[in-house]
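In my numbering, the protein residues as written are 41 to 175.
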């Protein structure tokens, strides 16, 4: 006899609201020395954040409200677009770090391999999606 569990749409919306709705976000670039992972603390990641004065600036904002999408069966939060533009001397990085709220941990990381170097006038854009599902 098989049992199938289905999470209600309202529960997914409730969970998404707790995790994402109106949370501040900070998307920043870092150069990992090889020892940091997604489990490393936010403080450890900010210690290797790209230096200012190179045209680099973190991207900050507030997440929107999630909407249930029947086609995907999940609650999707409006995407975040993070564009980094080099001015001055430019900069290099190998990790994009995402932090939500004031947590001591990071939400997630994106690892670039090989590392990225942006010269003055160059930009790199990341489109980040956040979703809550029952998988």
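Just so you know, even glycine gets a beta-carbon here, dropped at the ideal spot from N, CA and C.
Proximity to residue i [Cα-Cα], best of the options
i, options, result
"residue 63", "44, 141, 110", "141"
"residue 40", "173, 70, 82", "Residue 40 lies beyond the stretch modelled for the chain, which goes from 41 to 175, so this question has no answer here."
"residue 113", "134, 45, 55, 172", "172"
"residue 150", "162, 125, 85, 60", "85"
"residue 143", "60, 170, 44, 89", "60"
"residue 94", "126, 58, 50", "126"
Nearest-angstrom Cβ-Cβ length linking residue i and residue j, presumed shorter than 8 Å
i, j, result
"residue 115", "residue 103", "Not a contact, Cβ separation roughly 12 Å."
"residue 138", "residue 153", "The Cβ separation is near 18 Å, so there is no contact."
"residue 124", "residue 75", "So it is not a contact: roughly 23 Å between Cβ atoms."
"residue 65", "residue 92", "Not a contact, Cβ separation roughly 19 Å."
Own chain residues within Cβ distance below 6 Å of residue i, not counting five before or after
i, result
"residue 168", "120"
"residue 174", "47"
"residue 99", "67, 122"
"residue 90", "69, 96, 131, 133"
Limits of the alpha helix (DSSP H) - the one that residue i falls within
i, result
"residue 51", "49 to 59"
"residue 125", "Element bounds for residue 125: not the alpha helix (DSSP H) but the beta strand (DSSP E), 114 to 125."
"residue 86", "82 to 86"
Spatial neighbours of residue i in its chain, beta-carbon cut-off 7 Å, leaving aside the 5 residues before and after
i, result
"residue 145", "81, 82"
"residue 72", "88, 134, 135"
Beta strand (DSSP E) segment containing residue i, residue limits
i, result
"residue 98", "Unbroken run through residue 98: none, as it is neither H nor E."
"residue 90", "Note, residue 90: premise wrong, no beta strand (DSSP E); not H, not E."
query = Should the segment 113 to 130 be regarded as contacting the segment 158 to 171, the criterion being three or more beta carbon pairs within less than 8 Å?
reply = yes
message = Across the segment 70 to 80 and the segment 103 to 113, are there enough close Cβ pairs to call them in contact, namely three or more that are closer than 8 Å?
response = no
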